[in-house]
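S.K.: Quick one: the structure is below, questions incoming.
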Amino acid sequence: MENKNDLQIKKFKFKNITDNAGFSSFASAMMAIFFGLVFGFIVMLVASPPNAVAGMKYIILGGLGRLGDVFYFATPILMTGLAVGFAFKMGLFNIGASGQYTMGMFFALYVGFMWDMPDSIHWIVAILSGMVGGMLWGLIPGIFKAFLNVNEVITSIMFNYIGMYLVDMLIKGNGTMYKSTTTRTNYLPLESQIPSLGITGTNVNLGIIFAVLIGVIIYIILQKTTFGYELKATGFNKFASEYAGMKGKTNIILTMAIAGGFAGLGGAFAILAPSGISGSSMTYEPINMIASAGFDGIAVALLGSSHPIGIIFSAIFISYIKRGGTLTSLVGYKPEIIDVVIAVIIYFSAFAAIMNSGLSRIIKSRFKNKELSHIEEDEPETTVKSKDDNTKEEE
Numbered sequence: 001m002e003n004k005n006d007l008q009i010k011k012f013k014f015k016n017i018t019d020n021a022g023f024s025s026f027a028s029a030m031m032a033i034f035f036g037l038v039f040g041f042i043v044m045l046v047a048s049p050p051n052a053v054a055g056m057k058y059i060i061l062g063g064l065g066r067l068g069d070v071f072y073f074a075t076p077i078l079m080t081g082l083a084v085g086f087a088f089k090m091g092l093f094n095i096g097a098s099g100q101y102t103m104g105m106f107f108a109l110y111v112g113f114m115w116d117m118p119d120s121i122h123w124i125v126a127i128l129s130g131m132v133g134g135m136l137w138g139l140i141p142g143i144f145k146a147f148l149n150v151n152e153v154i155t156s157i158m159f160n161y162i163g164m165y166l167v168d169m170l171i172k173g174n175g176t177m178y179k180s181t182t183t184r185t186n187y188l189p190l191e192s193q194i195p196s197l198g199i200t201g202t203n204v205n206l207g208i209i210f211a212v213l214i215g216v217i218i219y220i221i222l223q224k225t226t227f228g229y230e231l232k233a234t235g236f237n238k239f240a241s242e243y244a245g246m247k248g249k250t251n252i253i254l255t256m257a258i259a260g261g262f263a264g265l266g267g268a269f270a271i272l273a274p275s276g277i278s279g280s281s282m283t284y285e286p287i288n289m290i291a292s293a294g295f296d297g298i299a300v301a302l303l304g305s306s307h308p309i310g311i312i313f314s315a316i317f318i319s320y321i322k323r324g325g326t327l328t329s330l331v332g333y334k335p336e337i338i339d340v341v342i343a344v345i346i347y348f349s350a351f352a353a354i355m356n357s358g359l360s361r362i363i364k365s366r367f368k369n370k371e372l373s374h375i376e377e378d379e380p381e382t383t384v385k386s387k388d389d390n391t392k393e394e395e
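Per the UniProt record's numbering, residue 1 is the first one in the sequence shown, and the count goes up by one each step.
As C-alpha cells, this is what we get:
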C-alpha cells in the first residue's frame, strides 16, 4: 500500500509532465497523426476494401526503403516550416513562404550558372545567395506591416504570385539558365551543387544536415537569448512589449526578413541538390505554378506547434508518409490519398489546444480518483454523531 508521501511525489511528477508545453505539443501531434491515419484507412476501405490494409501498410512502412528520398524531400519543407513557425512566434502569419522559396531558388540558380568563382566555395555562395533572395522577399511584407500596418497575409499572398511570375520570366529570358527544348533549366555545373551524402540513387545531400542544425540554432536563439525573448514577447503582446522599451517595428521587419531567409534557403537546398543520375542535377520548370513547398511548410509548422525541434520531426514525418504514399498506386489507389491523410492530420493539429485540454482532463481525473481511493483506505473509520446524540449526552 502506498502512503501519502508517495502519492505527493507522484502527483508532483505527474503535474510537471502534463503541464509541460512539450508534452502537450507531442500529445496533440500524436493524436492528430492517429486520427489522420484512421481517417485515411476509412477512405481506403470505401474506395477499395480488399486493398485497404496493403495500402495503409505502404503508407506506414513504405518510407523505410526510401530514406534517402525522405531526407531530401524533408529538407525544403523543413526550411519553409521554420519560416512559417518563426513568424508565428512573433504573431505573424507568413503565408508568403512559397514566394520566398521561389526567389531563393532563383538567386541560387543565378549564382550557380552566372558567377565564376573557386569550385570550393561556389556552392556555399549559391546557398547564401538563396538566403538573401528569400530575405529580400520577406522583408517587403515586413516593412508594409511595420510602417503601414498592412496585413502580412495579404501582402505575402500577393508576393507569392509576383515572385512566381517574375522568376519564370527571368529564367525563360536567360539562355544560359533555360533550355527551351526541354522547357526546364539546364543542369547546374558540378561545382555549384551541394555535396552529396553518397547514398546511391537518391538526391540526399548536406542540405538536410544544415537544415537540422539551423532548426537547433533557432531553438537556442528563441529560448536562450534576449533577442528571442523580445520576439516572443512582441508576439504575445505588441503594446506591452513596446511599453517595456522593445522595438516592435524593428522586430516585425527582422522577423519577416529572417523567415524569408529560411524559405529562401529551402529553395536553394532543393535546386542545388545533385540528382541521383550521374552528371545531372535538379532542374526547375517555369510553368506559372506556385511552389507547393511553401504551403507544405504551413502544415509542418502546425504539426510541430511552431517549435523548431518539433518542426524538424514533423518535416521528416510528412516527407516519410508522402514517400510511402506514392507506393499506394501499386495496389490501385491514387497518390492523392496521402494528401487526404496529411490534410486530416493538419486539421486535427489546428485543434491542438482543445485536444490537449481534453486529454489532460481525462488523465487527471483518472489519477485523482486513484489518489482518493488510496487516501480513503489509509484513513481510520470515524463515527459521525448526530445532533440528537449530542443532546442526550448533555442530559
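We put the beta carbon where it would ideally sit given N, CA and C, even for glycine. A quick note: this is a predicted structure, and the numbers were derived from the prediction, not measured.
Given a threshold of 16 other Cβ atoms within 10 Å of its Cβ, counted over all protein chains shown, does P308 qualify as buried or as exposed?
M.R.: The residue in question, P308, is buried, as its Cβ has 16 or more Cβ neighbours within 10 Å.
S.K.: Is it right to say I9 is buried, meaning 16 or more other beta carbons lie within 10 angstroms of its own, or is it exposed?
M.R.: With a pLDDT of 48 at I9, under the threshold of 50, the modelled position of this residue cannot be trusted, and the question is left open.
S.K.: Taking K343 as the reference, which of M31, S25, S28, G36 has the closest Cα?
M.R.: For the record, residue 343 in the displayed sequence is Ala; it is not Lys. Among M31, S25, S28, G36, the Cα nearest to that of A343 belongs to G36.
S.K.: What does a CB cutoff of less than 6 Å around T383 pick up in its chain, not counting 5 residues either side in sequence?
M.R.: Summary for T383: the model assigns pLDDT 48, below 50, so the residue's position carries little reliability; its value from the coordinates is reported in the next sentence. Closer than 6 Å at the Cβ level, and outside the excluded window around T383, lies no residue.
S.K.: Short check: CB of M79 to CB of A211, under 8 Å?
M.R.: Yes, the Cβ-Cβ distance between M79 and A211 is below 8 Å.
S.K.: Is there contact between the stretch 327 to 341 and the stretch 53 to 60, where contact requires at least three CB pairs shorter than 8 Å?
M.R.: Touching, per the Cβ criterion.
S.K.: Quick one, are the C-beta atoms of W123 and I194 less than 8 Å apart?
M.R.: Yes, the Cβ-Cβ distance between W123 and I194 is below 8 Å.
S.K.: Tell me, please, which residues DSSP counts as bridged to K179.
M.R.: Looking at the DSSP assignment, K179 forms a beta bridge with R184.
S.K.: Cα separation between V153 and S98?
M.R.: Those two C-alpha atoms are separated by around 13 Å.
S.K.: Are three or more beta carbon pairs between the stretch 265 to 272 and the stretch 119 to 135 nearer than 8 Å?
M.R.: Cβ pair count under 8 Å is three or more, so yes.
S.K.: Are the Cβ atoms of F295 and A83 separated by less than 8 Å?
M.R.: Not a contact, by the Cβ cut-off of 8 Å.
S.K.: Which one of G91, N186, M256 has the shortest CA to CA distance from K232?
M.R.: Measuring from the Cα of K232, the nearest candidate turns out to be G91.
S.K.: Is DSSP giving N205 helix, strand or coil here?
M.R.: The answer is strand: DSSP assigns N205 an E or B state.
S.K.: Where I214 and F86 are concerned, what is the direct C-alpha to C-alpha distance, given to the nearest angstrom?
M.R.: Rounded to the nearest angstrom, the two C-alpha atoms are 12 Å apart.
S.K.: So the alpha helix (DSSP H) V340 belongs to, where does it begin and stop?
M.R.: Counting along the chain, the alpha helix (DSSP H) containing V340 begins and ends at 337 to 349.
S.K.: Excluding five sequence neighbours on each side, which residues of the same chain lie with their C-beta closer than 7 Å to the C-beta of F227?
M.R.: The residues are I221.
S.K.: Across the stretch 141 to 152 and the stretch 243 to 262, are there enough close Cβ pairs to call them in contact, namely three or more that are closer than 8 Å?
M.R.: Flag = yes, the stretch 141 to 152 and the stretch 243 to 262 touch.
S.K.: When you compare only the Cα positions, how much space is there between Y219 and F113?
M.R.: If you take the alpha carbons of Y219 and F113, they lie about 34 Å apart.
S.K.: Does P286 come out as helix, strand or coil in the three-state DSSP assignment?
M.R.: The answer is coil: DSSP assigns P286 none of H, G, I, E or B.
S.K.: What residue range is occupied by the uninterrupted alpha helix (DSSP H) comprising Y72?
M.R.: Its alpha helix (DSSP H) spans residues 67 to 89.
S.K.: Mind checking A29: buried by the 16 CB within 10 Å criterion, or exposed?
M.R.: So A29 ends up on the buried side.
S.K.: Is the distance from the Cβ of A257 to the Cβ of M135 below 8 Å?
M.R.: Cβ atoms of A257 and M135: closer than 8 Å.
S.K.: Within its chain, find whatever has a CB closer than 8 Å to the CB of I316; leave out the 5 residues flanking it on each side and keep chain order.
M.R.: Here the set comprises V70, F71, A74, L78.
S.K.: Which residues in the same chain have their Cβ closer than 7 Å to the Cβ of L302, if we skip the five residues on either side of it in sequence?
M.R.: These residues qualify, in order along the chain: I346, S349, A350.
S.K.: Classify Y165: buried if its beta carbon has 16 or more other beta carbons within 10 angstroms, exposed otherwise.
M.R.: Classification of Y165: exposed, given that the 10 Å Cβ count is below 16.
S.K.: Cα separation between L170 and I290?
M.R.: Their Cα atoms are separated by approximately 16 Å.
S.K.: Classify S48 as helix, strand or coil using the three-state DSSP reduction.
M.R.: Correct three-state label for S48: coil.
S.K.: According to DSSP, is S281 part of a helix, a strand, or is it coil?
M.R.: Three-state DSSP puts S281 in a strand.
S.K.: Do you know offhand how far T183's Cα is from M177's?
M.R.: Spanning the two alpha carbons is a distance of roughly 11 Å.
S.K.: With DSSP as the reference, label P274 as helix, strand or coil.
M.R.: Residue state, collapsed to three classes: strand.
S.K.: Can you give me the Cβ contacts of residue 434 inside the same chain, cut-off strictly under 7 Å, excluding the 5 residues immediately before and after it?
M.R.: Nothing can be reported for residue 434: it is not among the residues displayed for the chain, which extend from 1 to 395.
S.K.: Rounding to the nearest angstrom, what Cα-Cα distance links K224 and E230 in this structure?
M.R.: Those two C-alpha atoms are separated by around 11 Å.
S.K.: What would DSSP say about S305, mapped onto helix, strand or coil?
M.R.: S305: coil per DSSP, three-state reduction.
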